[in-house]
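Read through the structure below, which is laid out as structure tokens, and then see the notes.
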Amino acid sequence: MLQRGTSVTASYSSPNTARRSSEWSRWQINSDGVELLEAEFLTHVYERHIHETYALAVTLKGVQRFWCRGATHDGTPGSVIFLNPGDAHDGESGTDSSYAYRMMYLPVGLMRSFIEDATEHSPADITVATPVIKDPLLA
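As structure tokens, then:
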């Protein structure tokens, strides 16, 4: 079992010989429960799953394609992906090329305290209506 503050890095080669590439990921969990992930994938596919945290991502290169809230979405450079806790989603490359991204998983209590500090009142519910926000400045 990993302790908070522990960093894990994994590197491996794609088993698909027709599309050779180096796929990698780095993951870290901080003392406040925030998890950080940075990765580059070509053939890796995330099966449909959920998180109990908020998930905030920026795509650094390529097309990060995923299904969420009944539709397929593409995360590209200049956009921000925002998933609410419990949003079922999957993920894969949206092209024949690799994609790279950075993801931050924020515990619900921490997000609530951020919003409360910023707005000076306790939010009843924190949700984002759309999973992809196209905003190069924000990204």
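The sequence shown lines up with residues 14 to 152 when you count with my numbering.
The beta-carbon is built from N, C-alpha and C at its ideal position, and this holds for glycine as well.
From this set, the options, which residue's C-alpha is nearest residue i's C-alpha?
i, options, result
"V47", "I146, D100, F127 and K147", "F127"
"T73", "D100, L96, S106 and R125", "Here the sequence assigns Leu to residue 73, which means Thr is not the residue at that position. Out of D100, L96, S106 and R125, S106 has the C-alpha closest to the C-alpha of L73."
"N97", "Y112, H86 and I139", "I139"
"P149", "D100, D103 and G88", "G88"
"T143", "R82, E65 and E129", "R82"
Excluding the 5 residues preceding and the 5 following residue i in the sequence, name in chain order all residues of the same chain whose CB lies nearer than 7 Å to its CB.
i, result
"K147", "G91 and S92"
Using 8 Å for Cβ pairs, my map puts residue i next to residue j. What's the rounded Cβ distance?
i, j, result
"L50", "M116", "4 Å"
"A101", "R61", "6 Å"
By Cβ distance, which residues of its chain are closer than 6 Å to residue i, with the 5 residues on each side in sequence left out?
i, result
"H57", "E36"
Compare the beta carbon distance of residue i and residue j with 8 Å and say whether it is the shorter of the two.
i, j, result
"L119", "Y59", "no"
"G104", "F79", "yes"
"S111", "E53", "yes"
"A137", "V71", "no"
request  = Please go through the region 28-73 and give each complete beta strand (DSSP E) segment of 3 or more residues, from N-terminal end onward.
outcome  = 35-42, 48-54 and 59-62
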